Amino acid sequence: SHRIEDHDVDGVKERIYGAATSVADCFKYRNKLGLETALEGLRLFMRNRMGSVDELMRCARVCRVEKVMRPYVESVL
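Laid out in structure tokens, this is it:
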């Protein structure tokens with residue numbers, strides 16, 4: 024899946040969810056995590072340039088939160 028990245032952690036190959044997927048998941052579970060948690064994840068993603076907006080919106084589409092996320096993504100651009 025494009026949602027999982029392979030990383031070398033202390034010589035051990037680990038499979039870790041990518042930043043864009045993590046942000047989309049925060050929006051998907053915003054009722055449990057809180058909207059502020061999702062927004063902070065989005066701010067960190069954008070501020071630290073952890074990926075492209077296209078990648079973020081692709082993950083949002085997969086998680087079925089594209090319509091929810093779009094206004095927030097546009098507001099931080």
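Residue numbers (the numbering used here): 24 to 100.
Note that CB positions come from ideal geometry on N, CA and C, so glycine has one too.
Keep in mind that this is a model prediction, so the values were computed, not measured.
Under 8 Å Cβ to Cβ from residue 36, same chain only, skipping five residues before and after it: list those, please.
Cβ neighbours of residue 36 beyond the five flanking positions: 29 and 30.
Examine the Cβ distances between the region 78-88 and the region 41-56 and report whether three or more of them are shorter than 8 Å.
Touching, yes.
Could you give the distance in angstroms between the alpha-carbon of residue 34 and the alpha-carbon of residue 76?
The straight-line gap separating the alpha-carbon atoms of residue 34 and residue 76 is approximately 31 Å.
Unbroken beta strand (DSSP E) run spanning residue 32, endpoints
First-last of the beta strand (DSSP E) with residue 32: 27-32.
For residue 79 versus residue 43, is the C-beta distance shorter than 9 Å?
Annotated as proximal: residue 79 and residue 43, with beta-carbon spacing under 9 Å.
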